[in-house]
Each structure stands twice: as C-alpha cells, then as structure tokens.
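Asker: In this text, residue positions in the sequence shown follow my numbering: the first is 160, and each later residue adds one.
This is the structure, below, for whatever I ask next.
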Amino acid sequence: MSLYKKHEENQNQQFSTRAIHAGQDCDPGTGALNTPIFQTSTFVLEELGKNRGYQYARTHNPTRTALEECLASLENAKYALASASGLSAAYTVTNLLSQGDNVIVGEDVYGGVYRLFEQVLTRYGITFTYVNAQNLGDIEAAITPATKLVWIETPTNPLVKLADVRAIADLCHAHGVLLAVDNTFATPYFQRPLDLGADVIIHSTTKYLGGHSDVIGGAIVTSDPELYERLQYHNNAVGAVPGPFDCFLVLRGLKTLKLRMREHERNATAIANFLESHPSVERVLYPGLKSHPQHDLAAKQMTGFGGMLSFVVKGGLDAAASTVGSTKLFQLAESLGGVKSLICHPATMTHKPIPKEIREHCGIFDGLIRLSPGIEEAEDLIADLDQALSGSRTQCAVRELAVVG
Ligand SMILES: *Cc1c(COP(=O)(O)O)cnc(C)c1O
C-alpha cells in the first residue's frame with residue numbers, strides 16, 4: 160500500500176532512531192530527504208483499476224502514512240491511524256460500539272472526552288459507567304454483559320493519578336472486554352500501553368507529540384489487525400482526518416520527542432522538589448515524588464515520570480488566582496505539552512463545567528494549579544513560580560491582617 164518501507168523493519172532500533180527514520184525514508188519520487196507535504200486531494204490512476212498506492216486523500220495520503228508508521232513504531236505497535244484531533248480519535252474508537260453497549264470509564268478522564276461520552280454518545284444509546292480506575296475491584300464490579308470497552312487515562316489530568324494498565328488489561332481480557340488507554344500525558348517515550356496489555360491507544364498529538372503548541376491532531380494505535388481494519392474503515396467512513404501540513408508538523412515534532420521529554424521531565428522534577436518545600440504550598444502531585452501515592456507503580460509501568468505536575472496552594476481560590484495571574488514565563492492557558500511553559504487553574508478553566516462538590520470529591524480543589532513546564536531553563540521557571548507564590552503569600556498575609564484589623 161505505502162510507497163515507504165514498512166516500519167517493522169526498524170523495530171530493532173532505539174526509540175530516537177525510529178522517531179527520525181520510521182516511515183521517513185527519502186521521497187522515492189524526488190529523493191527529498193524529508194517526507195514532503197503532499198498537498199493534494201486525489202491521485203491519478205495508472206490505468207483503470209490500478210492506482211500507485213494512493214487514490215483519494217481522505218483514505219490515505221503519503222504524509223499521513225509517514226506519520227502513522229512513525230507513531231506505530233514508537234508505540235511498539237503494528238498500526239496507527241492519524242486523526243484530526245485527540246477527540247476525533249476518541250470518537251473513532253467509539254465507532255466500534257453499537258446501541259446498547261456499555262463503556263467503563265476512569266472517572267477523571269479529560270473533560271472533552273467526558274463531554275463526548277455524556278452529551279453526544281449517550282443519545283445513541285451507549286451507556287457509560289464512571290469508576291475510580293485506581294481501584295481494580297471497582298472496575299470489576301462495574302462490568303456487565305453489555306460492557307464492551309474500558310477507557311482509562313494514566314497519568315490523569317489534572318491530578319496525575321495512575322492506573323495499573325497491566326492489571327486492568329488482564330481483568331478486561333478475562334471478561335472479553337477491550338481496554339483503551341489515553342497515552343497523551345506519558346507519551347510513548349515514557350509509557351507503551353500495548354506492551355502492558357492494552358488493545359488500543361489514543362493520543363492527542365496536539366500536546367507533547369506535536370510539542371510546539373502549533374497544531375491540533377490525534378492518533379489511534381493498535382497491533383490487532385482486525386481492530387485496525389475496523390478502525391481504519393471508520394476513520395475513512397467518518398472522515399475526521401488530518402491535513403498533510405498538520406501531519407508534517409506532528410512528524411517534525413516526533414523527531415525531537417526524546418530530547419523534549421527528557422527536558423520536560425527534568426524541569427518537572429526540579430519544580431516539584433522546589434514546590435514541595437515551599438511554605439505557600441499545601442501539596443504537590445507528581446508521580447516522580449516519593450510522596451506520590453503511586454510512585455512505585457509509576458516506576459514500574461513507566462520509563463520516566465513525565466512532564467506534568469499539579470500543586471495545591473494555601474489560601475484557596477484567591478491565592479490560586481493571584482499565583483496564576485502573577486507568573487511571567489508560565490503563560491495562563493489551557494493545553495499542555497509544548498516547549499513554552501503553561502499554567503492552568505482547573506477549577507475555573509478546564510474543569511469549570513463540573514459541579515464544585517463533584518470536583519472536590521475528585522480532589523480538584525479551588526487551590527489546585529496545574530503546570531506544564533516547557534523546556535526553558537529550570538532555574539528561570541522556578542524563579543518565576545517563586546515570585547508568583549510570594550505575591551500570593553503577601554496577599555494572604557495582607558488579607559489576614561485586614562481580617563485581624
Ligand atoms: C487534549 C487532550 C485530549 C483531546 O485532544 P484534542 O487534540 O484537544 O482534541 C484528549 N485526552 C487528553 C488526555 C488530552 O490532554
């Protein structure tokens with residue numbers, strides 16, 4: 160099908176070599192070193208009934224094929240499908256379901272995934288059961304004959320909680336249920352869910368894989384040929400495919416994934432350590448910290464602790480608002496995983512639609528702040544947070560004085 164060498168041939172190579180070479184041989188037509196952006200909607204037939212491997216660009220496009228082969232290679236998978244966004248990738252996976260089917264969902268999934276399930280797919284007669292994916296017994300208890308799919312994220316957003324992929328995969332397979340894992344936060348550099356037993360991986364390539372906050376994209380990854388065929392069918396039938404330029408941007412991002420993830424992790428570790436000893440901070444959530452309740456699981460199922468962390472600032476909403484409003488390098492914005500550092504206040508931004516009681520039940524307090532450290536120098540990022548937190552401390556002190564006064 161593809162004009163390019165199949166990525167399986169490269170699987171004995173190391174991660175960063177595959178990131179640069181898998182699916183990315185020089186262009187066979189011109190010798191171009193990099194995969195060209197094939198900005199075309201259709202491909203000319205050689206003769207009736209005979210194409211050159213490509214026919215219509217919704218179905219296949221060579222720039223997309225290169226990205227798909229590279230993504231599959233990095234996840235140690237046989238197949239990948241590029242999608243227009245992380246949410247369209249999630250939607251395409253749910254196209255495997257039919258009316259009456261049930262899905263068990265880890266309760267702290269990405270808000271957009273929750274919205275897709277609850278506001279869109281419930282109207283099609285698919286039911287969703289939300290469980291604490293940290294607790295295997297809760298998942299098992301929720302399985303019914305209608306359950307076809309378990310959907311988890313690990314680590315989660317914004318509380319960076321982990322789920323034990325191997326244990327959940329074993330449980331799913333004992334019940335004939337598929338396991339889908341959203342691997343957006345960890346990326347294949349730090350976690351390969353198929354190796355741990357998952358059936359399907361979903362990515363928002365908008366985040367670390369693209370890595371520069373300049374593209375929206377998604378991907379679906381699997382090694383099961385039957386599943387791939389069904390997913391590929393729906394990807395084409397529904398048509399939520401990415402354009403070739405967007406594929407090029409993600410493919411360009413993948414080439415430096417290892418370098419960036421190492422820096423993101425290094426910065427996250429330095430910042431987590433700094434925050435843990437800061438007097439204005441109540442609690443730091445980062446899987447790399449010994450204080451993280453699932454630090455051992457993280458060390459076991461991941462090859463690193465990732466780049467995302469959250470913390471709870473003392474003083475609730477006011478202190479959080481003051482902190483996120485005072486950083487100069489950390490930009491106040493949704494999204495994550497780019498080279499530029501971002502700061503976010505989940506209670507009023509990403510998780511605002513969730514009622515306060517439910518938010519707090521899950522641990523999303525008003526003082527919670529999420530950080531996506533970029534790849535700037537750690538000392539500059541720490542200095543930025545330090546000045547922002549000392550502002551919040553002063554404000555608290557002033558308020559306390561005012562109350563006392
Ligand atoms: C951003 C995100 C998504 C949705 O991806 P889009 O590219 O924004 O559609 C899904 N899952 C996770 C974990 C995300 O962070």
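Every residue gets a Cβ at the ideal spot worked out from N, C-alpha and C, and that includes glycine.
Report the option in I528, L386 and K449 whose CA atom is closest to the CA atom of E493.
Answerer: The shortest Cα separation from E493 among I528, L386 and K449 belongs to I528.
Asker: Can you tell me where the alpha helix (DSSP H) holding C185 begins and where it ends?
Answerer: Run containing C185: none; DSSP gives neither H nor E here.
Asker: Assuming the contact rule is C-beta atoms closer than 8 Å, K414 and I179 should be a hit. Round their C-beta distance to whole Å, please.
Answerer: Yes, they are in contact, since the Cβ atoms of K414 and I179 sit about 5 Å apart, within 8 Å.
Asker: Please determine whether the Cβ atom of V272 lies at a distance below 7 Å from any heavy atom of ligand 1.
Answerer: Result yes, Cβ under 7 Å from ligand 1.
Asker: Taking only runs that begin and end inside the region 418–493, name each unbroken beta strand (DSSP E) of 3 or more residues, in chain order.
Answerer: The region 418–493 contains these whole beta strand (DSSP E) runs: 440–444 and 468–472.
Asker: Measure the beta-carbon distance from F470 to R425 and round it to whole angstroms, keeping in mind my assumption that it falls under 8 Å.
Answerer: With 8 Å as the limit, F470 and R425 do not qualify as a contact, their Cβ atoms being about 18 Å apart.
Asker: How would you write the range of the beta strand (DSSP E) that E312 sits in, first residue to last?
Answerer: T306 to E312 is the span of the beta strand (DSSP E), which, as asked, contains E312.
Asker: For the putative contact between V272 and A305, defined by C-beta atoms under 8 Å, what is the C-beta separation to the nearest angstrom?
Answerer: Not confirmed; about 20 Å, so no contact.
Asker: Can you give the Cα-Cα distance for A431 and E388, rounded to whole angstroms?
Answerer: Cα-Cα distance, rounded: 43 Å.
Asker: If we call anything under 8 Å between Cβ atoms a contact, is D525 one with G475?
Answerer: A contact, by the Cβ cut-off of 8 Å.
Asker: Does the contact criterion of 3 or more C-beta pairs under 8 Å hold for the region 196–216 versus the region 370–377?
Answerer: Short answer: they don't touch.
Asker: Check whether the region 478–485 touches the region 501–518, counting contact only when three or more Cβ pairs, one atom from each stretch, lie closer than 8 Å.
Answerer: The region 478–485, when compared against the region 501–518, does touch it at the 8 Å Cβ threshold.
Asker: Applying the criterion that 16 or more other CB atoms from any shown protein chain within 10 Å of the CB defines a buried residue, is T176 buried or exposed?
Answerer: Exposed.
Asker: Where do the N-terminal and C-terminal ends of the beta strand (DSSP E) with F287 fall, by residue?
Answerer: Unbroken beta strand (DSSP E) run through F287: T286 to V290.
Asker: I'd like the list of long-range same chain contacts for C521, defined as Cβ closer than 6 Å, with 5 residues on each side in sequence excluded.
Answerer: For C521, where only same-chain residues beyond five positions count, the Cβ hits under 6 Å are D267.
Asker: Got a sec? Which residues, its chain only, sit under 7 Å from A225 by beta carbon, not counting five neighbours each side?
Answerer: Only Y163, G182, Q183, T194 and L410 meet the Cβ criterion.
Asker: Would you call the region 351–360 in contact with the region 314–330, where contact means no fewer than 3 C-beta pairs closer than 8 Å?
Answerer: Yes, they touch.
Asker: Can the beta-carbon of A241 be found less than 8 Å from the beta-carbon of P401?
Answerer: In contact: A241 and P401 (Cβ atoms closer than 8 Å).
Asker: Roughly how many whole angstroms lie between the Cα atoms of R141 and C406?
Answerer: This structure cannot speak to residue 141, because the chain is shown only from 160 to 564.
Asker: Since G377 sits in a beta bridge, which residues does DSSP pair it with?
Answerer: Beta-bridge pairing links G377 to S242 and S363.
Asker: To the nearest angstrom, how far is the alpha carbon of A542 from that of L495?
Answerer: When rounded, the distance between both Cα atoms is 20 Å.
Asker: So for S382, helix, strand or coil by DSSP?
Answerer: If DSSP states are grouped into helix, strand and coil, S382 belongs with coil.
Asker: With respect to 7 Å, is the separation between the Cβ of D568 and the closest non-hydrogen atom of ligand 1 below this value?
Answerer: One cannot answer for residue 568 here, as it falls past the ends of the chain, which runs 160 to 564.
Asker: Please report how far the alpha carbon of P446 lies from the alpha carbon of Y392, in whole angstroms.
Answerer: Rounded to the nearest angstrom, the two C-alpha atoms are 38 Å apart.
Asker: Is S382 near ligand 1, with its Cβ less than 7 Å from a heavy atom?
Answerer: Incorrect: S382 has no Cβ contact closer than 7 Å to ligand 1.
Asker: For D455, count neighbouring C-beta atoms within 10 Å of its own C-beta (all shown protein chains included) and say buried if the count is 16 or more, exposed if not.
Answerer: Result: exposed.
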